[in-house]
Amino acid sequence: MVNCKGSKCCWNSNIYLSIVIELGGMNLKDYFEENDVIISTFELMHEEETSFSEKREEFLTNIFKCTAKALQQFHEFGIHLDIKAENFVISKEQNSHEPLELCKLIDFNSSIIIPKGGDRIVENLQGNMALAPEIFEGQSVNNGSKVNRKVDIWSFGVMMITMMKFRFQNIPANLPLVTYHIVNNLLPEYISNKSYNTKIDRVLKGCLQLKCQFTSFHYSNS
-4 MVNCKGSKCC WNSNIYLSIV IELGGMNLKD YFEENDVIIS TFELMHEEET SFSEKREEFL
56 TNIFKCTAKA LQQFHEFGIH LDIKAENFVI SKEQNSHEPL ELCKLIDFNS SIIIPKGGDR
116 IVENLQGNMA LAPEIFEGQS VNNGSKVNRK VDIWSFGVMM ITMMKFRFQN IPANLPLVTY
176 HIVNNLLPEY ISNKSYNTKI DRVLKGCLQL KCQFTSFHYS NS
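Residue numbers (this note's numbering): -4 to 217.
This is the structure in structure tokens:
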């Protein structure tokens, strides 16, 4: 699928970030959906269709660790601005039915390179992006969208939600509607539900804090 090189001008116009991708495998959305069917069948056979099975937890934990690492690596240089499962690609050597070992981000059309801790006003963000609500709220005031790395973290949380339908029902396919649905229908009940306290739930609740103050984002092995 992917075997390409690219470069993008850095924030001071003098430094260039070179991006080399030689993975060539399927994207994360396809990998997830293929394995989701297998796990759902397993859960049904074991009458676990309404629960968060250990098999599913292990599968999702591995995915989120790999994708979090890929995002963390990209954040060393800039903001991606289009985080979704389709924009993570896995190695062509990866067995699609084995635990995910590596993935990388692709599609840098919306990305900006910016120093750590920096903000930037961006105009004409893609209409299909899952943006945090405060980004929408500030568009008219800022004459554009004021973005930083937290934008990617919110979008990462939205991507997690699309893979956690055992927690959430009736998720819209249209991403701008996802933000509205999350804030108004999903978040209050989900965050207040103390029974949702797995490591995955804790990471997701952190990603989807409103006006959050993230100092770091790391899906640890512990």
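All C-beta atoms, glycine included, are put in the ideal place defined by N, C-alpha and C.
- No Cβ-Cβ contact shorter than 8 Å links G20 with V117.
- Here V198 is buried, its C-beta having at least 16 other C-beta atoms within 10 Å.
- Excluding five sequence positions before and after R144, the CB atoms of its chain that fall closer than 7 Å to its own CB belong to H70 and I74, given in chain order.
- Looking at G201, V142, I58 and N138, the one whose alpha-carbon comes closest to that of Q89 is I58.
- By the neighbour-count criterion, in which a residue is buried when 16 or more other Cβ atoms sit within 10 angstroms of its Cβ, V32 is exposed.
- Looking at the DSSP output, N22 shares a beta bridge with V84.
- Taken atom to atom, the span from the alpha-carbon of I148 to that of K79 is near 11 Å.
- Taking all protein chains in view, the Cβ of T62 is crowded by 16 or more other Cβ atoms within 10 Å, so the residue is classified as buried.
- Straight across, the Cα-Cα distance linking A125 with K87 is about 28 Å.
- For the pair I109 and V146, the Cα-to-Cα distance works out to about 13 Å.
- Three or more Cβ pairs closer than 8 Å define a contact, and the segment 183 to 203 meets that threshold against the segment 151 to 166.
- One thing to note: P167 has its Cβ within 8 Å of the Cβ of H176.
- Taking all protein chains shown into account, K111 has fewer than 16 neighbouring C-beta atoms within 10 Å of its C-beta and is therefore exposed.
- Nearest to L23 by C-alpha distance, out of L55, T193 and R51, is L55.
- Collapsing the DSSP output to three states places I58 in a helix.
- Beyond the five residues adjoining it in sequence on each side, L97 comes within less than 6 Å, by CB distance, of S86 in the same chain, given in chain order.
- Distance from the CA of I130 to the CA of D77, rounded to the nearest whole angstrom, comes to 14 Å.
- Within the segment 130 to 166, the complete alpha helix (DSSP H) segments at least 4 residues long are 134 to 137 and 144 to 157, listed from N- to C-terminus.
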